[in-house]
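**Q**
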Amino acid sequence: MEYINTAGLSDDQKMIRDTTLDLLGKHLPFDSIRQMDDDREFPHAAYNALAEAGFTGLFYPEEYGGAGSSHSDLTALVEALGYYYTGIAQAYMTTVIYAGMHIVNSGSDAMKRREIPDIISGKTKLALAMSEPGTGSDVAGIKTSATRQGDHYVLNGNKIWITCAHVADKLVVVCKTDPEAGRHNGMSTILVDTSLPGVEIRPLKMLGRRTTHANEVFFTDVKVPVENLIGEEGGAWKSLMKCLNVERLCLSAISSGHCFRITDYATSYAKDRIQFGQPISQFQVIQHKLVDMLIASETARQATWRVASLMDQGENPVRETSIAKILSSESNVKCADIGLQVMGGAGYSSEYMMEMYYRDCRVGPIGGGSNEIQRNIIAKQMQI
627 MEYINTAGLS DDQKMIRDTT LDLLGKHLPF DSIRQMDDDR EFPHAAYNAL AEAGFTGLFY
687 PEEYGGAGSS HSDLTALVEA LGYYYTGIAQ AYMTTVIYAG MHIVNSGSDA MKRREIPDII
747 SGKTKLALAM SEPGTGSDVA GIKTSATRQG DHYVLNGNKI WITCAHVADK LVVVCKTDPE
807 AGRHNGMSTI LVDTSLPGVE IRPLKMLGRR TTHANEVFFT DVKVPVENLI GEEGGAWKSL
867 MKCLNVERLC LSAISSGHCF RITDYATSYA KDRIQFGQPI SQFQVIQHKL VDMLIASETA
927 RQATWRVASL MDQGENPVRE TSIAKILSSE SNVKCADIGL QVMGGAGYSS EYMMEMYYRD
987 CRVGPIGGGS NEIQRNIIAK QMQI
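Using this note's numbering, you'd call the opening residue of the sequence shown number 627 and step up by one each time.
Structure, rendered in structure tokens:
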């Protein structure tokens, strides 16, 4: 049984959700996911199907071939992706939101017309190369450099934890173009083709979300045309800030969708598992655990949709976005922990999906701006 209540969604949003789940059912069969996770296999067929259906262009401007849909429409889509499988949700988000929105928000008209149609069609996959071995949450401390030499920038440096870089055609690289500038200044974003000489990508073995795993990326004297600069030189910090709300909205939607998947899975198991002559779902202690999972799921979902509504009204909900990101990711971990306990040994076994759900959700409080950073943001908003 699916516990997500779609009341209040528009007909278009319900259609987005239903179409997405049907499409994934055909191109990413549920019983194939576990093997893909073991093999660390990117869900190419499902991603291409999303592109063919137009979902990769859902949130992009109509003038560049997108649908120009709302934040709420985007939330309906990403929540459905997170509900079905967080790996395909992360695959979508890495190209379309994390990296792609830098081009949408800050790229020149010529760059948008050159790049966005290929993103929408699925021809181009992207990844955002920001974190470095010495700078995770401290983005302003990046060391990767881009030195202007005539009509090119020459990149040198090292990035780490770069999701989907192993399948990316191009990287949106955050780098330092003015080494003398202070923190938050002298940083730029540059679009780098992964096939260029001097680009090396090394896969990393991660705890969860193995189909869209992280990578280490090395740049050694990589020559990139100047026209690949995204926005103004030195404008990366501004571009990063413009992208944060929609990034965290989508992260929240993935986590809240995943909460409901875990709740559905654990509840179904509890109804089928017989102990002491009856389904364990009939024991009050198990009922309360499942209820707590549903409460956590619904709380996360309400916070997420609240942010989408505020953004559709033109608000800049910095505080609410951080709250939603914390609530949804921590609720996701809570649901997985309770769900594993409900299933007992089966939950701990690789023969069932629960242990994968447990692994997959744990990145939520870490990635996309750790929950400690989110609490710092909220404290600043509170002026304390």
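Every residue, glycine too, gets a C-beta built ideally from N, C-alpha and C.
According to the Cβ coordinates, are isoleucine 714 and leucine 754 closer than 8 Å?
**A** Translated into the one-based positions of the sequence shown, residue 714 becomes position 88. Translated into the one-based positions of the sequence shown, residue 754 becomes position 128. No, they are not a contact pair.
**Q** Name, in chain order, the residues that DSSP records as bridge partners for histidine 778.
**A** Taking the first residue of the sequence shown as 1, we reach residue 778 at position 152. Histidine 778 is bridged to Gln775 and Pro851.
**Q** May I ask you to report which of helix, strand or coil DSSP gives leucine 916?
**A** Mapped onto the sequence shown, residue 916 falls at position 290. Looking at leucine 916 - three-state DSSP - the assignment turns out to be helix.
**Q** Under the assumption that threonine 770 contacts glycine 762 (Cβ atoms under 8 Å), give the Cβ distance between them as a whole number of angstroms.
**A** Here residue 770 refers to the residue found at position 144 of the sequence shown. Here residue 762 refers to the residue found at position 136 of the sequence shown. With 8 Å as the limit, threonine 770 and glycine 762 do not qualify as a contact, their Cβ atoms being about 14 Å apart.
**Q** What residues in its chain sit with their C-beta under 7 Å from that of threonine 789, if we drop five residues either side in the sequence?
**A** In the sequence shown, residue 789 corresponds to position 163, counting from 1. Cβ neighbours of threonine 789 beyond the five flanking positions: Gln716, Thr720, Ala753, Thr838 and Ala840.
**Q** Quick check: the region 870–878 against the region 845–860, are there 3 or more CB pairs under 8 Å?
**A** No contact exists between the region 870–878 and the region 845–860.
**Q** Taking serine 814 as part of the beta strand (DSSP E), name the residues at either end of that continuous run.
**A** As a position in the sequence shown, residue 814 is number 188, starting the count at 1. Run containing serine 814: 813–819, per the beta strand (DSSP E) assignment.
**Q** Determine the closest residue to alanine 950 out of Arg932, Val800 and Ile992, with distance taken between C-alpha atoms.
**A** Position 324 of the sequence shown holds residue 950. The option with the nearest alpha carbon to alanine 950 is Arg932.
**Q** Looking at C-alpha atoms only, which residue of Met1008, Ile642 and Leu855 is the closest neighbour of glutamate 741?
**A** Position 115 of the sequence shown, counted from the start, is the residue given in the question as residue 741. When each option's Cα is compared against that of glutamate 741, the closest is Leu855.
**Q** Should the region 827–838 be regarded as contacting the region 976–987, the criterion being three or more beta carbon pairs within less than 8 Å?
**A** These segments touch.
**Q** Span of the beta strand (DSSP E) holding arginine 828?
**A** As a first step, residue 828 is located in the sequence shown; it is residue number 202 there, counting from the start. Residues 825–829.
**Q** Alanine 1005: buried (16+ other C-beta within 10 angstroms of its C-beta) or exposed?
**A** The count along the sequence shown starts at 1 and reaches residue 1005 at position 379. Result: exposed.
**Q** Which same chain residues end up closer than 6 Å to glycine 883 when comparing Cβ atoms and leaving out the 5 residues on each side of it in sequence?
**A** Translated into positions along the sequence shown, residue 883 becomes position 257. Taken in chain order, the residues that qualify are Glu705, Gly708 and Tyr709.
**Q** Ordered along the chain, which non-local residues of its own chain (more than five positions away) have a Cβ less than 6 Å from that of tyrosine 673?
**A** Counting from 1 along the sequence shown, the entry for residue 673 is found at position 47. Only Ala717 meet the Cβ criterion.
**Q** Report the partner residues of lysine 796 according to the DSSP bridge assignment.
**A** Counting from 1 along the sequence shown, the entry for residue 796 is found at position 170. BP columns for lysine 796 point to Leu752 and Asp819.
**Q** Would you identify the three-state DSSP class for phenylalanine 844, choosing helix, strand or coil?
**A** Locating residue 844 in the sequence shown gives position 218, where the first residue counts as 1. Correct three-state label for phenylalanine 844: strand.
**Q** Roughly how many angstroms lie between the CA atoms of isoleucine 999 and proline 991, to the nearest whole one?
**A** As a position in the sequence shown, residue 999 is number 373, starting the count at 1. As a position in the sequence shown, residue 991 is number 365, starting the count at 1. Distance between the alpha carbons of isoleucine 999 and proline 991: 10 Å.
**Q** Near threonine 947, what residues of its chain come up, given a Cβ to Cβ distance below 7 Å and the 5 sequence neighbours on each side ignored?
**A** If you number the sequence shown from 1, residue 947 lands on position 321. Only Asn871, Arg874, Leu875 and Val933 meet the Cβ criterion.
**Q** For methionine 727, collect the residues of the same chain with a Cβ closer than 7 Å to its Cβ; drop the 5 residues on either side in sequence, then sort them by chain order.
**A** The residue you call residue 727 lines up with position 101 of the sequence shown. Excluding sequence neighbours, methionine 727 sits near Cys869 and Val872.
**Q** Reducing DSSP to helix, strand and coil, say where cysteine 801 ends up.
**A** As a working mapping, residue 801 is identified with position 175 in the sequence shown. Looking at cysteine 801 - three-state DSSP - the assignment turns out to be strand.
**Q** Which word fits proline 943, buried or exposed, when buried means at least 16 other C-beta atoms lie within 10 angstroms of its C-beta?
**A** What you label residue 943 is simply residue 317 of the sequence shown in a count that begins at 1. Buried, by the Cβ-count rule.
**Q** Residues in its own chain within less than 6 Å of alanine 791 by CB, not counting five upstream and five downstream?
**A** The residue labelled residue 791 in the question sits at position 165 within the sequence shown. Taken in chain order, the residues that qualify are Ala753, Ile827, Asn841 and Val843.
**Q** Just mark histidine 976 as buried or exposed, buried being the case when its beta carbon has 16 or more other beta carbons within 10 Å.
**A** For the purposes of this step, residue 976 is taken as residue 350 along the sequence shown, with counting starting at 1. Histidine is not the amino acid found at residue 976; the sequence shown has serine there. Classification for serine 976: exposed.
**Q** How would you write the range of the alpha helix (DSSP H) that glutamate 956 sits in, first residue to last?
**A** The residue given as residue 956 occupies position 330 in the sequence shown. It spans 944–969 - the alpha helix (DSSP H) in which glutamate 956 sits, taken as one unbroken run.
**Q** From this set, Val722, Ser757 and Ala879, which residue's C-alpha is nearest lysine 749's C-alpha?
**A** For the purposes of this step, residue 749 is taken as the residue at position 123 of the sequence shown. Selected option, being the one with the closest Cα: Val722.
**Q** Taking contact to mean at least 3 C-beta pairs separated by less than 8 Å, is the region 960–975 in contact with the region 729–745?
**A** No, because fewer than three Cβ pairs between the region 960–975 and the region 729–745 fall closer than 8 Å, the two stretches do not touch.
**Q** Give the straight-line distance between the Cα atoms of glycine 680 and threonine 815, rounded to the nearest whole angstrom.
**A** Here residue 680 refers to the residue found at position 54 of the sequence shown. Here residue 815 refers to the residue found at position 189 of the sequence shown. Computed Cα separation, rounded: 27 Å.
**Q** Hey, would you say valine 848 sits closer than 8 Å to glycine 824, going by beta carbons?
**A** If you number the sequence shown from 1, residue 848 lands on position 222. If you number the sequence shown from 1, residue 824 lands on position 198. Contact flag set, yes.
**Q** Please list the segments of the alpha helix (DSSP H) lying wholly inside the region 640–682, counting only runs of 4 or more residues, in order along the chain.
**A** For the region 640–682, whole alpha helix (DSSP H) runs of length 4 or above, ordered along the chain, are 659–665 and 670–678.
**Q** So, with DSSP's three-state summary, where would you put lysine 864?
**A** Position 238 of the sequence shown, counting from 1, holds the residue named residue 864. The answer is helix: DSSP assigns lysine 864 an H, G or I state.
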